[in-house]
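*Asks:*
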Amino acid sequence: MAGAHLSGGQRQRLLIARALVNKPRIIFFDEATSALDNRTQAVVSESLDNLKATRIVIAHRLSTIMNADRIYVMQDGRVVQQGTYDELMKQEGVFANLAKRQMA
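Quick note, this note's numbering runs 9 ahead of the 1-based positions in the sequence shown.
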């Protein structure tokens, strides 16, 4: 079976490359970098920042969304906060609590 010996991170990089090859105007990422190490995730994120496309990103790793124009925080299926990374960090709430746990 082709690709059976790829790591999770290798598979994710391959899937991201396949998604970007046709230069889409809108792209959805659902935990797209979860299997990447921090260094590779930073390289991928920097490359995606230069992509001229609307990106909708679902992420638990907050470093993935630090440069997002708008962040929507969901809890129990409902939007409970929205704003930029900096705005959300200044508020008491789900986002700031999650960020503090990830930074610890």
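For each residue, glycine too, the CB sits at the ideal point set by N, CA and C.
Bear in mind that the values here come from a model prediction, so they are computed numbers and not experimental data.
Work out the CA separation of Arg48 and Arg34 for me, nearest whole Å.
*Replies:* Distance between the alpha carbons of Arg34 and Arg48: 26 Å.
*Asks:* What three-state label does DSSP hand Ile74 in the structure shown?
*Replies:* Coil at Ile74, not helix or strand.
*Asks:* In angstroms with no decimal places, state the Cα-to-Cα distance between Gln50 and Thr73.
*Replies:* Gln50 and Thr73: Cα-Cα distance of roughly 8 Å.
*Asks:* Would you decide whether Ala41 is buried or exposed? Buried here means 16 or more other CB atoms lie within 10 Å of its CB.
*Replies:* Buried is the call here.
*Asks:* Name the two residues that bound the continuous alpha helix (DSSP H) containing Arg110.
*Replies:* Run containing Arg110: 103-112, per the alpha helix (DSSP H) assignment.
*Asks:* Run through DSSP, which three-state label would Arg22 get?
*Replies:* In this structure, Arg22 counts as helix in the three-state DSSP scheme.
*Asks:* Opposite Gln91 in the DSSP bridges: which residues?
*Replies:* In the DSSP output, where bridge partners are listed per residue, Gln91 has Tyr81.
*Asks:* Would the stretch 62-73 and the stretch 20-39 be scored as touching if the rule is three or more Cβ pairs under 8 Å?
*Replies:* Result yes; three or more Cβ-Cβ pairs closer than 8 Å.
*Asks:* In terms of residue numbering, what span does the alpha helix (DSSP H) encompassing Arg64 cover?
*Replies:* Where Arg64 is concerned, there is no enclosing alpha helix (DSSP H), although the beta strand (DSSP E) it sits in stretches over 63-67.
*Asks:* To which residues of the same chain is Gly92 closer than 6 Å at the C-beta, ignoring the five residues directly before and after it?
*Replies:* Hits under 6 Å: none found.
*Asks:* Rounded to a whole number of angstroms, what is the C-alpha to C-alpha distance between Ser43 and Leu15?
*Replies:* Straight-line Cα distance between these residues: approximately 15 Å.
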